[in-house]
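**Student:**
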Amino acid sequence: MKILKVKNGTSYLLKRLGKRGLTKTSNQKKFVPFKYKKTIVVESSENFESMKKDVQSAGESFIDIMKQADSKVQIKVEFNNKQKMNQLLNKYF
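Convert by adding 3 to the 1-based position in the sequence shown; the result is the number in the numbering used here.
1. Taking the alpha carbon of residue 80 as the point to measure from, which residue in 96, 55 and 47 has its own alpha carbon closest?
2. Helix, strand or coil: how does DSSP classify residue 80 here?
3. With 16 as the cutoff for other CB atoms within 10 Å, does residue 64 come out buried or exposed?
4. Hey, residue 83 and residue 41: beta-carbon distance below 7 Å or not?
5. To the nearest angstrom, report how far apart residue 67 and residue 43 are at their CA atoms.
6. In this structure, does DSSP put residue 51 in helix, strand or coil?
7. What three-state label does DSSP hand residue 60 in the structure shown?
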């Protein structure tokens, strides 16, 4: 990938984005889906907040809030590492 010199260090930023696969070109890398998925209903907000932090710090993982009721939250958790997923689920459920 050839980047032209641009004022104010923009070329450096474009190089860094290019290394990560985030370029302005139309042939971007496709998103690789997660291998392991689980939908969970969490009844207390304390469990939800601490679980959310653990999932985000676990590495290759994703958490999505699907529905919120009065005291229940339905979330979708996705991982690439089955062992980490099982550890977190066993910790909270």
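We put the CB at the ideal spot given by N, CA and C, even for glycine.
**Tutor:** Quick answer:
1. To locate residue 80, count along the sequence shown from 1; it is residue 77. Taking only the C-alpha atoms, the option nearest residue 80 is 55.
2. Position 77 of the sequence shown, counted from the start, is the residue given in the question as residue 80. The answer is strand: DSSP assigns residue 80 an E or B state.
3. To locate residue 64, count along the sequence shown from 1; it is residue 61. Burial call: buried.
4. Along the sequence shown, one-based indexing puts residue 83 at 80. Along the sequence shown, one-based indexing puts residue 41 at 38. Going by C-beta atoms, residue 83 is not nearer than 7 Å to residue 41.
5. For the purposes of this step, residue 67 is taken as residue 64 along the sequence shown, with counting starting at 1. For the purposes of this step, residue 43 is taken as residue 40 along the sequence shown, with counting starting at 1. Rounded to whole angstroms, residue 67 and residue 43 show a C-alpha spacing of 10 Å.
6. For the purposes of this step, residue 51 is taken as residue 48 along the sequence shown, with counting starting at 1. Correct three-state label for residue 51: helix.
7. By 1-based counting over the sequence shown, the position of residue 60 is 57. Helix, per DSSP.
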